[in-house]
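*Asks:* The numbers in the sequence shown follow this note's numbering, run straight up by one, and end at 77.
Submitted below is the structure of interest, expressed as structure tokens.
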Amino acid sequence: GRDNVEAGVGNDRLFGGTGGDTLSGGAGADSFVYTRLSDSYRNDASG
């Protein structure tokens, strides 16, 4: 489905699944893995 996935304070890897997901980075060096062109990301500038 259409999910919102949020990172924690460490170095996280976020995976977009089926549907138009939103991947949100937090503090740390986060990685984003896209499986569909409809996935989007937001990155927290504090990390």
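Cβ atoms here follow ideal geometry from the backbone N, Cα and C, with glycine treated the same way.
Would you report the Cα separation of residue 34 and residue 52, rounded to the nearest angstrom?
*Replies:* Taking the straight line joining both Cα atoms gives about 5 angstroms.
*Asks:* Which two residues bound the contiguous beta strand (DSSP E) that contains residue 61?
*Replies:* Note, residue 61: beta strand (DSSP E), 61-63.
*Asks:* In terms of residue numbering, what span does the beta strand (DSSP E) encompassing residue 72 cover?
*Replies:* That run of the beta strand (DSSP E) goes 70-72.
*Asks:* Could you compute how far the alpha carbon of residue 63 sits from the alpha carbon of residue 57?
*Replies:* Roughly 17 angstroms separates the two Cα atoms.
*Asks:* If you measure between the beta carbons of residue 60 and residue 46, is that distance less than 7 angstroms?
*Replies:* No, these two residues do not count as a Cβ contact at 7 angstroms.
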